[in-house]
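Here the working numbering is used: the first residue of the sequence shown is 1, the next is one more, and so on. Virtual Cβ for every residue (Gly too), placed ideally from N, Cα, C. Below is one structure, written out as structure tokens; the observations come after it.
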Amino acid sequence: MAKAANKLQKSFLGREETEKFLVNLEKLKSEASITDEQYNFLKEDYNQRLASVSSEIAQQRVELKSQLEDSQTGLATNKLELERLGLRFKVGELPLEKYQRLDRKVRKRISKTEAKIAELRRLLKANSSSDISILPTKPRKGRSIKEGFSIPEASSFTAFISSMEELASPRTRLLGLVGGLFLFIGVFMPWVSIGAFGFATSIQGIDLSGHIGAAGIICGLLAIGAAFLAESGAKGFVHILVGAIPLIVLLIVSLVPSPSLGGLGAYGNLFEEMIKALTTIREGLVFYIAAAIAVICGGVFERREG
Numbered sequence: 001m002a003k004a005a006n007k008l009q010k011s012f013l014g015r016e017e018t019e020k021f022l023v024n025l026e027k028l029k030s031e032a033s034i035t036d037e038q039y040n041f042l043k044e045d046y047n048q049r050l051a052s053v054s055s056e057i058a059q060q061r062v063e064l065k066s067q068l069e070d071s072q073t074g075l076a077t078n079k080l081e082l083e084r085l086g087l088r089f090k091v092g093e094l095p096l097e098k099y100q101r102l103d104r105k106v107r108k109r110i111s112k113t114e115a116k117i118a119e120l121r122r123l124l125k126a127n128s129s130s131d132i133s134i135l136p137t138k139p140r141k142g143r144s145i146k147e148g149f150s151i152p153e154a155s156s157f158t159a160f161i162s163s164m165e166e167l168a169s170p171r172t173r174l175l176g177l178v179g180g181l182f183l184f185i186g187v188f189m190p191w192v193s194i195g196a197f198g199f200a201t202s203i204q205g206i207d208l209s210g211h212i213g214a215a216g217i218i219c220g221l222l223a224i225g226a227a228f229l230a231e232s233g234a235k236g237f238v239h240i241l242v243g244a245i246p247l248i249v250l251l252i253v254s255l256v257p258s259p260s261l262g263g264l265g266a267y268g269n270l271f272e273e274m275i276k277a278l279t280t281i282r283e284g285l286v287f288y289i290a291a292a293i294a295v296i297c298g299g300v301f302e303r304r305e306g
């Protein structure tokens with residue numbers, strides 16, 4: 001929020017500075033200190049600046065309103081989740097320790113969202129740079145690699161979301177799900193084409209390498225399933241893991257030398273060069289890589305949320 005506040009304050013300062021120039025210009029004109037030509041030139045220039053900065057402020061307000069609506073939706077979802085947790089505890093579905101852990105996590109999200117909503121409302125009410133007080137940002141504490149990639153508790157992998165609303169709020173939660181689906185589909189798409197003399201054949205990822213096919217199918221299904229975990233930390237851990245595995249397998253397979261036809265002499269080498277020249281990379285390979293990266297990005301967002 002500090003970045004948005006700084007940006008809005010900068011725009012207000014620009015508007016106020018231009019308005020001050022216009023006031024000074026009118027004063028100079030009233031004192032006959034400048035010619036009409038000079039006055040008209042500067043007046044037009046300052047009016048254009050004022051219109052530009054006013055347009056910037058209006059656009060920033062639209063963005064802030066959109067963030068406010070998203071935050072209010074997220075707050076309502078978290079409050080509903082908190083209510084349902086209490087209900088599940090009352091009927092005995094959740095043990096006390098697990099209920100308290102989940103309750104603290106949801107309340108923490110609610111507190112952060114409420115603070116964000118209050119800040120957004122304050123920025124939307126601002127009409128001048130003096131209405132925006134920029135608080136100094138606290139330096140982020142560095143986390144060790146061990147802490148940042150710690151494995152969540154086993155119980156985190158057994159709690160699932162209770163409604164589809166939790167799946168789509170915030171929208172970044174959908175990255176892992178959609179990426180996993182596309183990763184699964186990408187295995188069955190054409191990865192390369194070999195064409196010659198008007199004929200062409202396409203090879204799917206699963207046919208190109210059994211290891212790549214298995215990694216894409218298994219990790220894609222795991223990514224889809226992980227999207228329904230209730231714990232953001234566990235969900236993010238799984239998504240980062242299953243997003244990285246297909247890329248690692250793809251790298252290993254590509255580095256392993258394929259059987260050579262060099263033993264057949266010059267004809268074998270010539271045939272190899274012809275195959276390479278006639279081979280074209282298809283959309284399936286790009287789709288597969290992009291999907292794996294999307295799953296990893298979704299996992300990173302989820303880990304931050306957790």
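Output the distance between the C-alpha atoms of residue i and residue j, rounded to the nearest integer angstrom.
i: Gly225; j: Leu177; result: 8 Å
i: Gly180; j: Ser209; result: 19 Å
i: Ser202; j: Lys79; result: 51 Å
i: Met189; j: Gln204; result: 5 Å
i: Ile110; j: Pro95; result: 22 Å
i: His239; j: Gly298; result: 7 Å
i: Lys138; j: Pro246; result: A caution first: Lys138 carries a pLDDT of 47, below 50, which makes its placement in the model unreliable, though a value can still be read off. Lys138 and Pro246: Cα-Cα distance of roughly 38 Å.
i: Leu102; j: Phe301; result: 19 Å
i: Leu261; j: Ala291; result: Confidence at Leu261 is low in this model, with a pLDDT of 42, below 50, so its placement is unreliable and no value can be given for it.
i: Leu135; j: Lys27; result: Bear in mind that the predicted position of Leu135 carries a pLDDT of just 48, short of 50, making it unreliable; the figure below should be weighed with that in mind. Computed Cα separation, rounded: 37 Å.
i: Tyr99; j: Arg88; result: 9 Å
i: Ala58; j: Ala51; result: 11 Å
i: Ala5; j: Leu64; result: 10 Å
i: Lys3; j: Gly86; result: 37 Å
i: Leu82; j: Leu285; result: 42 Å
i: Asp131; j: Leu22; result: 22 Å
i: Ile212; j: Phe287; result: 13 Å
i: Asp36; j: Glu17; result: 22 Å
i: Leu8; j: Ile296; result: 33 Å
i: Val106; j: Arg84; result: 11 Å
i: Leu175; j: Gln38; result: 57 Å
i: Ser30; j: Arg49; result: 22 Å
Who are the near neighbours of residue i in its chain, counting only those whose CB is closer than 8 Å to its CB and skipping five residues on each side?
i: Thr113; result: Ser71, Gly74, Leu75, Asn78
i: Ser54; result: Arg15
i: Gly216; result: Leu183, Phe184, Gly186, Val187, Gly205, Ile206, Pro246, Tyr288
Leaving out the 5 sequence neighbours to the left and right, which residues in its chain are closer than 6 Å to residue i when beta-carbon positions are compared?
i: Leu241; result: none
i: Lys235; result: Ala226, Leu229, Glu302
i: Ile34; result: Leu28
i: Glu119; result: Met1
i: Gly220; result: Gly180, Leu183, Phe184
i: Ile289; result: none
i: Leu25; result: Leu42
So, for residue i: in the same chain, excluding its five sequence neighbours on each side, which residues have a beta-carbon less than 7 Å away from its beta-carbon?
i: Arg61; result: Leu124
i: Leu13; result: Ser129
Does the distance between the C-beta of residue i and the nearest non-hydrogen atom of the ligand HEM fall short of 7 Å?
i: Gly233; result: The ligand content of the structure shown is nil, which means the ligand HEM is not present either.
Based on the DSSP output, what are the partners of residue i in its beta bridges?
i: Ile311; result: Residue 311 falls outside the range modelled here, since the chain spans only 1 to 306, and no answer is possible.
i: Gln59; result: BP columns for Gln59 are empty, so no partner.
i: Ser202; result: Ser193
i: Leu229; result: Phe160
Would you mind giving the Cβ-Cβ distance between residue i and residue j, rounded to the nearest angstrom? I have them listed as a contact below 8 Å.
i: Arg303; j: Phe228; result: That belief does not hold up - the Cβ atoms of Arg303 and Phe228 are roughly 17 Å apart, past 8 Å.
i: Arg282; j: Val192; result: 6 Å
i: Gly243; j: Ala223; result: 7 Å
i: Ser129; j: Glu56; result: Not quite, the Cβ-Cβ distance comes to about 13 Å (not below 8 Å), so this is no contact.
### Query
Taking three-plus beta-carbon pairs below 8 Å as touching, is the stretch 28-45 in contact with the stretch 87-102?
no
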